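A.B. asks:
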Amino acid sequence: MIKLQKLKLYGFNNLTKSLSFCIYDICYANTDDSRNSYISYIDEQYNSIRLTNILKKTCSIIGANILNIFHQDYEPQGASVTISVSEEPMRKNTKKINILNNTFTSSSVIAHLDKSHICVHTYPESHPQNGICTFRADIEVSTCGVISPLNALNYLIHQLESDIVTIEYRIRGFTRDINGKKHFIDHKISSIQNFMSHHIKSTYEMFDVNMYQENIFHTRMLLKDFNLKNYLFNIHLEDLEKEKYSHVVNLLLREMREIYYGRNISKSDLIHKNTIKNLSKINC
Numbered sequence: 703m704i705k706l707q708k709l710k711l712y713g714f715n716n717l718t719k720s721l722s723f724c725i726y727d728i729c730y731a732n733t734d735d736s737r738n739s740y741i742s743y744i745d746e747q748y749n750s751i752r753l754t755n756i757l758k759k760t761c762s763i764i765g766a767n768i769l770n771i772f773h774q775d776y777e778p779q780g781a782s783v784t785i786s787v788s789e790e791p792m793r794k795n796t797k798k799i800n801i802l803n804n805t806f807t808s809s810s811v812i813a814h815l816d817k818s819h820i821c822v823h824t825y826p827e828s829h830p831q832n833g834i835c836t837f838r839a840d841i842e843v844s845t846c847g848v849i850s851p852l853n854a855l856n857y858l859i860h861q862l863e864s865d866i867v868t869i870e871y872r873i874r875g876f877t878r879d880i881n882g883k884k885h886f887i888d889h890k891i892s893s894i895q896n897f898m899s900h901h902i903k904s905t906y907e908m909f910d911v912n913m914y915q916e917n918i919f920h921t922r923m924l925l926k927d928f929n930l931k932n933y934l935f936n937i938h939l940e941d942l943e944k945e946k947y948s949h950v951v952n953l954l955l956r957e958m959r960e961i962y963y964g965r966n967i968s969k970s971d972l973i974h975k976n977t978i979k980n981l982s983k984i985n986c
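All residue numbers in the sequence shown are consecutive under the numbering used here, ending with 986.
1. For a test of the three-state rule: what should DSSP assign to T733, helix, strand or coil?
2. Report buried or exposed for Y947, applying the criterion of at least 16 other Cβ atoms within 10 angstroms of its Cβ.
3. Taking N932 as the reference, which of F909, K719, K903 and D727 has the closest Cα?
4. Taking the alpha carbon of P826 as the reference point, which residue from S788, S968, R956 and Y776 has its own alpha carbon closest?
5. Suppose you measure from the CA of G964 to the CA of I764; what does that come to, to the nearest Å?
6. Please state whether the Cβ-Cβ distance between I768 and V787 is less than 8 Å.
7. Could you tell me if N966 is buried or exposed, where buried requires 16 or more neighbouring beta carbons within 10 angstroms of its beta carbon?
8. Determine the extent of the beta strand (DSSP E) in which R953 is found, giving its start and end residues.
9. What span of residues does the alpha helix (DSSP H) with L753 cover, start to end?
10. Would the segment 740-756 and the segment 880-889 be scored as touching if the rule is three or more Cβ pairs under 8 Å?
11. Quick one: what's got a C-beta closer than 7 Å to N856's C-beta in the same chain, skipping five residues either side?
12. Taking Cβ positions, are K719 and P830 nearer each other than 8 Å?
13. Taking S844 as the reference, which of T836, V822, I866 and S818 has the closest Cα?
14. From the DSSP secondary-structure annotation, give me the bridge partner or partners of V867.
15. Is it buried or exposed, D927, if we count other Cβ atoms within 10 angstroms and call 16 or more buried?
16. State buried or exposed for S750, treating a residue as buried only when at least 16 other CB atoms are found within 10 Å of its CB.
17. Following the continuous beta strand (DSSP E) through S828, name the residue where it begins and the one where it ends.
18. In the DSSP assignment, what residue or residues form a beta bridge with L934?
19. Is I961 near M923, with beta carbons less than 8 Å apart?
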């Protein structure tokens, strides 16, 4: 649990803390029917109801109070969930207005809804040119006050176990103490990895890009273990011929490395025996 400095503040803690995830899952499907089945599977696995339950649990972990929830499943694919939250519980005399089964409040806490929210959007897609299918989920946990989205970091990574994760944490604004001094951050941090469990850090390859003077922290994660059978959809590993096996492995590794490093990689670089070592030296 993140421990915030106990500052004696003048008024409300105006610091906005935002934790953003971009989570990717990769697989290979060799027919149109298999690719369509993959999209259907992802849509069912990560439908708006399940995502809502994950975000509700996130609210509980960080100690946020839910103000309203909106969720939507899209055609032909994808889902979104948005939860507006507050640091303080809603007062009993707060007026509520129900519109389309969603609850909106008319109390003063509405002023902070643009800063305090949790949302997720999913983007499943397939690529008929090479059989690669990708699932991307964007998650943002944004709070103001003393509640911290970092407390939900490990939970969210575990709930959406994926091959590649990019995380950004940033603190915006400032708050004043009782002497009028501005505070642009209210806790110690040198890396997002500071708040990850040992299990997660041992499971993923990681690198950081941090801007300490701007209170911006960025971490990229790539699953260390690659087992081909975990990346095949409606395909049995034993049905792949040796040449096809190598082709599929190269396709998947190339896709994963390009997403991880955020740049295109040539085939010759990918199959070189020192690929991983050379790529890790890229100046990011």
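Beta carbons are placed, not taken as given, at the ideal position from N, Cα and C, and that holds for glycine. Nothing here was measured: the structure is a model prediction, and the numbers come from that model.
C.D. replies: In short, the structure shows the following:
1. coil
2. exposed
3. D727
4. Y776
5. 30 Å
6. yes
7. exposed
8. Note on identity: in this sequence residue 953 is Leu, with Arg being the wrong assignment. Not the beta strand (DSSP E): L953 falls in the alpha helix (DSSP H), residues K944 to Y963.
9. S750 to I764
10. no
11. M898, S899 and I902
12. no
13. S818
14. I725 and M923
15. exposed
16. buried
17. H819 to S828
18. Y730
19. no
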